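The block underneath contains the structure these notes are about, expressed in C-alpha coordinates.
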Amino acid sequence: MKLQKPKGTADILPQESQKWQYVEMMARAVFEDYNFREIRTPLFESYELFSRATGETSDIVTKEMYDFDDKGGRHIALRPEGTASTVRAYIENKLFAPEVPKPVKMYYMGSMFRYERPQSGRLREFHQFGVECFGAKNPAIDVEIIAMAQSLFEQIGISGVTLHLNSLGDLETRKAYRTALIDYLTPFESQLSKDSQRRLHENPLRVLDSKEKEDKEIVKGAPSILDYLTEESQNHFDMTRELLDGLGIDYVIDTNMVRGLDYYNDTIFEFIVDVKGQELTVCAGGRYDGLVEYFDGPATPG
6 MKLQKPKGTA DILPQESQKW QYVEMMARAV FEDYNFREIR TPLFESYELF SRATGETSDI
66 VTKEMYDFDD KGGRHIALRP EGTASTVRAY IENKLFAPEV PKPVKMYYMG SMFRYERPQS
126 GRLREFHQFG VECFGAKNPA IDVEIIAMAQ SLFEQIGISG VTLHLNSLGD LETRKAYRTA
186 LIDYLTPFES QLSKDSQRRL HENPLRVLDS KEKEDKEIVK GAPSILDYLT EESQNHFDMT
246 RELLDGLGID YVIDTNMVRG LDYYNDTIFE FIVDVKGQEL TVCAGGRYDG LVEYFDGPAT
306 PG
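Numbering-wise (the working numbering), the sequence shown opens with residue 6 and increments by one.
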(Lines of atoms letter the chains of each structure in order from A and count residues from 1; the text may use other names and numbers.)
(Lines give C-alpha, C1' and ligand atoms only; values in the text may rest on other atoms or scores of the structure.)
Protein backbone atom coordinates (compact mmCIF):
# COMPACT_ATOMS: atom_id res chain seq x y z
CA MET A 1 0.00 0.00 0.00
CA LYS A 2 1.37 3.38 -1.01
CA LEU A 3 1.26 5.76 1.94
CA GLN A 4 -0.05 9.23 1.16
CA LYS A 5 -1.24 12.20 3.15
CA PRO A 6 -5.00 12.27 3.85
CA LYS A 7 -7.17 13.92 1.22
CA GLY A 8 -7.63 17.61 1.92
CA THR A 9 -4.33 18.08 3.74
CA ALA A 10 -0.99 19.47 2.61
CA ASP A 11 2.68 19.06 3.48
CA ILE A 12 4.46 22.34 4.15
CA LEU A 13 8.00 21.61 3.04
CA PRO A 14 11.08 23.48 4.33
CA GLN A 15 11.27 25.86 1.37
CA GLU A 16 7.63 26.82 1.98
CA SER A 17 7.68 26.84 5.78
CA GLN A 18 9.97 29.88 5.78
CA LYS A 19 7.16 31.89 4.17
CA TRP A 20 4.73 30.63 6.81
CA GLN A 21 7.15 31.59 9.57
CA TYR A 22 7.43 35.10 8.14
CA VAL A 23 3.65 35.59 8.02
CA GLU A 24 3.27 34.18 11.53
CA MET A 25 6.00 36.49 12.81
CA MET A 26 4.33 39.53 11.25
CA ALA A 27 0.93 38.51 12.64
CA ARG A 28 2.31 38.09 16.16
CA ALA A 29 3.94 41.52 15.96
CA VAL A 30 0.71 43.21 14.83
CA PHE A 31 -1.47 41.41 17.39
CA GLU A 32 0.89 42.23 20.24
CA ASP A 33 1.08 45.88 19.15
CA TYR A 34 -2.66 45.93 19.87
CA ASN A 35 -2.10 44.25 23.28
CA PHE A 36 -3.40 40.81 22.32
CA ARG A 37 -1.62 37.86 23.95
CA GLU A 38 -1.36 34.30 22.67
CA ILE A 39 -3.53 31.42 23.88
CA ARG A 40 -3.06 27.79 22.83
CA THR A 41 -6.04 25.47 23.16
CA PRO A 42 -6.41 21.73 22.41
CA LEU A 43 -6.80 20.51 18.84
CA PHE A 44 -9.79 18.46 20.01
CA GLU A 45 -12.58 19.27 22.43
CA SER A 46 -15.94 17.93 23.51
CA TYR A 47 -18.26 17.64 20.51
CA GLU A 48 -20.91 19.48 22.51
CA LEU A 49 -18.74 22.60 22.74
CA PHE A 50 -18.76 23.09 18.98
CA SER A 51 -22.30 21.85 18.32
CA ARG A 52 -23.74 24.27 20.88
CA ALA A 53 -21.52 27.19 19.87
CA THR A 54 -21.87 27.01 16.10
CA GLY A 55 -25.50 25.83 16.06
CA GLU A 56 -27.01 22.36 15.67
CA THR A 57 -28.30 23.25 12.19
CA SER A 58 -25.09 24.85 10.93
CA ASP A 59 -23.22 23.25 8.04
CA ILE A 60 -20.24 22.77 10.34
CA VAL A 61 -22.24 20.49 12.63
CA THR A 62 -24.44 18.74 10.06
CA LYS A 63 -21.82 18.19 7.34
CA GLU A 64 -18.28 19.19 8.24
CA MET A 65 -17.33 18.16 11.78
CA TYR A 66 -14.60 15.58 12.30
CA ASP A 67 -16.02 13.81 15.34
CA PHE A 68 -15.60 10.41 16.99
CA ASP A 69 -16.05 8.52 20.24
CA ASP A 70 -12.77 7.96 22.04
CA LYS A 71 -11.84 4.80 23.95
CA GLY A 72 -13.50 6.21 27.05
CA GLY A 73 -16.79 6.69 25.22
CA ARG A 74 -16.45 10.49 25.11
CA HIS A 75 -17.80 12.25 22.01
CA ILE A 76 -14.85 14.27 20.71
CA ALA A 77 -14.42 16.65 17.75
CA LEU A 78 -11.41 18.17 16.05
CA ARG A 79 -11.75 21.92 16.31
CA PRO A 80 -13.44 23.47 13.23
CA GLU A 81 -12.81 27.03 14.44
CA GLY A 82 -11.10 28.81 17.32
CA THR A 83 -13.68 30.98 19.06
CA ALA A 84 -15.54 28.23 20.95
CA SER A 85 -12.33 26.83 22.46
CA THR A 86 -11.19 30.29 23.53
CA VAL A 87 -14.56 30.98 25.17
CA ARG A 88 -14.36 27.64 26.98
CA ALA A 89 -10.83 28.49 28.20
CA TYR A 90 -11.96 31.97 29.30
CA ILE A 91 -14.69 30.46 31.47
CA GLU A 92 -12.83 27.38 32.74
CA ASN A 93 -9.79 29.42 33.80
CA LYS A 94 -11.93 32.17 35.34
CA LEU A 95 -10.45 34.95 33.24
CA PHE A 96 -13.62 36.88 34.06
CA ALA A 97 -12.44 37.30 37.68
CA PRO A 98 -12.24 40.92 38.94
CA GLU A 99 -8.48 40.73 39.41
CA VAL A 100 -7.94 39.99 35.69
CA PRO A 101 -7.56 43.27 33.75
CA LYS A 102 -10.30 43.91 31.19
CA PRO A 103 -10.76 43.64 28.34
CA VAL A 104 -9.12 40.23 27.98
CA LYS A 105 -7.50 40.18 24.52
CA MET A 106 -6.15 36.91 23.10
CA TYR A 107 -4.94 35.59 19.76
CA TYR A 108 -4.25 32.09 18.44
CA MET A 109 -2.72 30.37 15.45
CA GLY A 110 -3.11 26.79 14.35
CA SER A 111 -4.81 24.04 12.40
CA MET A 112 -8.60 23.76 12.12
CA PHE A 113 -10.48 20.85 10.56
CA ARG A 114 -13.64 20.64 8.45
CA TYR A 115 -14.80 17.82 6.20
CA GLU A 116 -15.30 19.88 3.06
CA ARG A 117 -14.90 19.10 -0.62
CA PRO A 118 -11.21 19.86 -1.28
CA GLN A 119 -10.80 22.56 -3.92
CA SER A 120 -8.62 25.54 -4.72
CA GLY A 121 -8.20 27.60 -1.56
CA ARG A 122 -10.14 25.14 0.61
CA LEU A 123 -8.67 22.14 2.44
CA ARG A 124 -9.92 19.87 5.22
CA GLU A 125 -7.04 20.90 7.44
CA PHE A 126 -6.59 24.64 7.20
CA HIS A 127 -4.54 27.14 9.16
CA GLN A 128 -6.16 30.06 10.90
CA PHE A 129 -5.16 33.14 12.86
CA GLY A 130 -7.81 34.46 15.22
CA VAL A 131 -8.30 37.11 17.89
CA GLU A 132 -10.87 37.29 20.67
CA CYS A 133 -11.69 40.17 23.01
CA PHE A 134 -13.79 39.75 26.15
CA GLY A 135 -15.30 42.50 28.27
CA ALA A 136 -15.65 45.41 25.83
CA LYS A 137 -19.10 46.42 24.54
CA ASN A 138 -17.97 49.68 22.92
CA PRO A 139 -18.09 49.75 19.10
CA ALA A 140 -14.51 51.02 19.26
CA ILE A 141 -13.28 47.45 19.85
CA ASP A 142 -15.11 46.29 16.70
CA VAL A 143 -13.29 48.96 14.73
CA GLU A 144 -9.96 48.26 16.45
CA ILE A 145 -10.06 44.63 15.31
CA ILE A 146 -11.01 45.63 11.76
CA ALA A 147 -8.18 48.18 11.70
CA MET A 148 -5.77 45.58 13.08
CA ALA A 149 -6.69 43.14 10.31
CA GLN A 150 -6.17 45.83 7.70
CA SER A 151 -2.78 46.65 9.23
CA LEU A 152 -1.78 42.99 8.99
CA PHE A 153 -2.74 42.86 5.30
CA GLU A 154 -0.55 45.90 4.66
CA GLN A 155 2.35 44.39 6.58
CA ILE A 156 2.34 41.13 4.63
CA GLY A 157 1.52 42.68 1.27
CA ILE A 158 -2.08 41.58 0.64
CA SER A 159 -3.74 44.19 -1.59
CA GLY A 160 -7.10 44.60 -3.30
CA VAL A 161 -9.04 43.63 -0.17
CA THR A 162 -12.62 44.91 0.26
CA LEU A 163 -14.25 45.21 3.69
CA HIS A 164 -17.88 44.02 3.79
CA LEU A 165 -19.91 45.16 6.80
CA ASN A 166 -23.31 44.31 8.26
CA SER A 167 -25.17 44.16 11.56
CA LEU A 168 -27.17 41.19 12.83
CA GLY A 169 -28.63 43.29 15.63
CA ASP A 170 -29.78 41.82 18.93
CA LEU A 171 -32.22 39.01 19.72
CA GLU A 172 -35.23 41.28 19.27
CA THR A 173 -33.90 42.37 15.88
CA ARG A 174 -33.34 38.84 14.66
CA LYS A 175 -36.72 37.63 15.89
CA ALA A 176 -38.55 40.34 13.92
CA TYR A 177 -36.34 39.86 10.88
CA ARG A 178 -36.76 36.08 10.94
CA THR A 179 -40.52 36.50 10.61
CA ALA A 180 -40.15 38.97 7.73
CA LEU A 181 -37.65 36.76 5.94
CA ILE A 182 -39.86 33.66 6.22
CA ASP A 183 -42.78 35.66 4.82
CA TYR A 184 -40.62 36.71 1.87
CA LEU A 185 -39.02 33.32 1.15
CA THR A 186 -42.04 31.02 1.59
CA PRO A 187 -43.60 31.77 -1.85
CA PHE A 188 -40.24 30.82 -3.42
CA GLU A 189 -39.76 27.63 -1.39
CA SER A 190 -40.13 25.22 -4.31
CA GLN A 191 -37.51 27.20 -6.29
CA LEU A 192 -34.90 27.11 -3.52
CA SER A 193 -32.11 24.54 -3.43
CA LYS A 194 -32.67 21.49 -1.21
CA ASP A 195 -30.31 22.88 1.43
CA SER A 196 -32.11 26.21 1.49
CA GLN A 197 -35.52 24.53 1.71
CA ARG A 198 -34.26 22.84 4.86
CA ARG A 199 -32.70 26.07 6.17
CA LEU A 200 -35.95 27.96 5.59
CA HIS A 201 -37.56 25.90 8.36
CA GLU A 202 -34.52 25.53 10.63
CA ASN A 203 -32.67 28.84 10.36
CA PRO A 204 -33.91 31.07 7.52
CA LEU A 205 -31.06 33.58 7.84
CA ARG A 206 -28.76 30.91 6.44
CA VAL A 207 -30.61 31.04 3.11
CA LEU A 208 -29.01 34.46 2.63
CA ASP A 209 -25.58 32.81 2.80
CA SER A 210 -26.30 30.21 0.11
CA LYS A 211 -23.79 29.87 -2.73
CA GLU A 212 -26.34 28.29 -5.09
CA LYS A 213 -27.17 30.38 -8.15
CA GLU A 214 -30.95 30.00 -7.86
CA ASP A 215 -30.87 31.01 -4.20
CA LYS A 216 -28.71 34.05 -4.87
CA GLU A 217 -31.25 35.35 -7.38
CA ILE A 218 -34.13 34.92 -4.95
CA VAL A 219 -32.45 36.60 -1.96
CA LYS A 220 -31.59 39.69 -4.02
CA GLY A 221 -35.08 40.94 -3.25
CA ALA A 222 -35.10 39.89 0.41
CA PRO A 223 -35.80 42.49 3.10
CA SER A 224 -32.77 44.05 4.79
CA ILE A 225 -32.05 43.22 8.42
CA LEU A 226 -30.90 46.82 8.85
CA ASP A 227 -34.56 47.87 8.62
CA TYR A 228 -35.30 45.82 11.75
CA LEU A 229 -32.51 46.99 14.07
CA THR A 230 -33.58 48.06 17.55
CA GLU A 231 -32.55 51.53 18.69
CA GLU A 232 -29.61 50.14 20.67
CA SER A 233 -28.34 48.04 17.76
CA GLN A 234 -28.84 50.90 15.32
CA ASN A 235 -26.77 53.19 17.56
CA HIS A 236 -24.02 50.55 17.77
CA PHE A 237 -23.91 50.16 14.00
CA ASP A 238 -23.98 53.92 13.40
CA MET A 239 -21.07 54.46 15.78
CA THR A 240 -19.10 51.62 14.18
CA ARG A 241 -19.51 53.25 10.78
CA GLU A 242 -18.60 56.69 12.12
CA LEU A 243 -15.38 55.36 13.62
CA LEU A 244 -14.47 53.53 10.41
CA ASP A 245 -15.14 56.71 8.43
CA GLY A 246 -12.98 58.68 10.86
CA LEU A 247 -10.08 56.30 10.27
CA GLY A 248 -10.53 56.46 6.51
CA ILE A 249 -11.33 52.74 6.28
CA ASP A 250 -13.50 52.06 3.23
CA TYR A 251 -16.27 49.47 3.39
CA VAL A 252 -19.40 48.29 1.61
CA ILE A 253 -22.65 47.46 3.39
CA ASP A 254 -23.62 43.86 2.60
CA THR A 255 -27.09 43.18 4.01
CA ASN A 256 -27.09 39.55 2.83
CA MET A 257 -23.96 38.71 4.81
CA VAL A 258 -24.88 36.65 7.87
CA ARG A 259 -21.73 34.58 8.60
CA GLY A 260 -21.95 30.80 9.03
CA LEU A 261 -22.17 30.53 12.81
CA ASP A 262 -25.10 31.09 15.15
CA TYR A 263 -23.34 33.00 17.91
CA TYR A 264 -22.90 36.38 16.19
CA ASN A 265 -24.79 39.58 17.02
CA ASP A 266 -24.50 43.23 16.00
CA THR A 267 -21.33 43.96 13.97
CA ILE A 268 -20.13 41.31 11.51
CA PHE A 269 -17.53 41.76 8.78
CA GLU A 270 -15.60 40.01 6.04
CA PHE A 271 -12.51 41.03 4.12
CA ILE A 272 -12.85 39.73 0.56
CA VAL A 273 -10.23 39.60 -2.17
CA ASP A 274 -10.67 38.75 -5.85
CA VAL A 275 -8.32 36.01 -7.03
CA LYS A 276 -8.59 35.25 -10.75
CA GLY A 277 -12.27 36.14 -10.78
CA GLN A 278 -13.07 34.18 -7.62
CA GLU A 279 -14.04 35.99 -4.43
CA LEU A 280 -12.18 34.65 -1.39
CA THR A 281 -12.81 35.62 2.22
CA VAL A 282 -9.42 36.12 3.85
CA CYS A 283 -10.65 37.40 7.21
CA ALA A 284 -14.03 37.48 8.94
CA GLY A 285 -15.56 37.94 12.36
CA GLY A 286 -18.08 39.70 14.51
CA ARG A 287 -19.54 40.19 17.96
CA TYR A 288 -20.84 37.37 20.16
CA ASP A 289 -22.07 39.17 23.28
CA GLY A 290 -24.17 36.25 24.55
CA LEU A 291 -21.77 33.34 23.98
CA VAL A 292 -19.94 33.36 27.32
CA GLU A 293 -23.23 33.50 29.21
CA TYR A 294 -24.65 30.74 26.98
CA PHE A 295 -21.89 28.47 28.30
CA ASP A 296 -22.77 29.34 31.91
CA GLY A 297 -20.18 32.07 32.31
CA PRO A 298 -21.03 35.59 33.48
CA ALA A 299 -22.62 38.06 31.06
CA THR A 300 -19.63 39.17 28.99
CA PRO A 301 -19.55 41.14 25.73
CA GLY A 302 -17.20 39.64 23.16
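Yeah, the Cβ is synthetic: ideal placement off N, Cα and C, and Gly gets one too.
Remember, predicted model here, so these are calculated numbers, not experimental data.
Starting from the Cα of residue i, find the closest Cα among the options and give me that residue.
{"i": "residue 257", "options": "192, 172, 297 and 223", "result": "172"}
{"i": "residue 29", "options": "114, 13 and 284", "result": "114"}
{"i": "residue 116", "options": "229, 128 and 248", "result": "128"}
{"i": "residue 287", "options": "228, 168, 83 and 94", "result": "168"}
{"i": "residue 11", "options": "122, 264, 153 and 295", "result": "122"}
{"i": "residue 224", "options": "57, 269, 231 and 214", "result": "214"}
{"i": "residue 281", "options": "165, 82 and 197", "result": "165"}
On the three-state DSSP scale, how would you describe residue i?
{"i": "residue 155", "result": "helix"}
{"i": "residue 170", "result": "strand"}
{"i": "residue 51", "result": "strand"}
{"i": "residue 117", "result": "strand"}
{"i": "residue 263", "result": "coil"}
{"i": "residue 8", "result": "coil"}
{"i": "residue 110", "result": "strand"}
{"i": "residue 231", "result": "helix"}
Could you check the C-alpha separation between residue i and residue j for me, to the nearest Å?
{"i": "residue 273", "j": "residue 7", "result": "45 Å"}
{"i": "residue 44", "j": "residue 161", "result": "22 Å"}
{"i": "residue 155", "j": "residue 124", "result": "26 Å"}
{"i": "residue 24", "j": "residue 157", "result": "15 Å"}
{"i": "residue 231", "j": "residue 177", "result": "13 Å"}
{"i": "residue 89", "j": "residue 53", "result": "10 Å"}
Report back the beta-carbon spacing between residue i and residue j to the nearest angstrom; my notes put them in contact at under 8 Å.
{"i": "residue 175", "j": "residue 271", "result": "7 Å"}
{"i": "residue 69", "j": "residue 120", "result": "5 Å"}
{"i": "residue 110", "j": "residue 138", "result": "5 Å"}
{"i": "residue 292", "j": "residue 147", "result": "7 Å"}
Look at residue i and residue j and say whether their C-beta atoms are less than 9 Å apart.
{"i": "residue 297", "j": "residue 65", "result": "no"}
{"i": "residue 140", "j": "residue 307", "result": "yes"}
{"i": "residue 208", "j": "residue 62", "result": "yes"}
{"i": "residue 170", "j": "residue 190", "result": "no"}
{"i": "residue 251", "j": "residue 101", "result": "no"}
{"i": "residue 59", "j": "residue 87", "result": "no"}
{"i": "residue 79", "j": "residue 55", "result": "no"}
{"i": "residue 268", "j": "residue 295", "result": "yes"}
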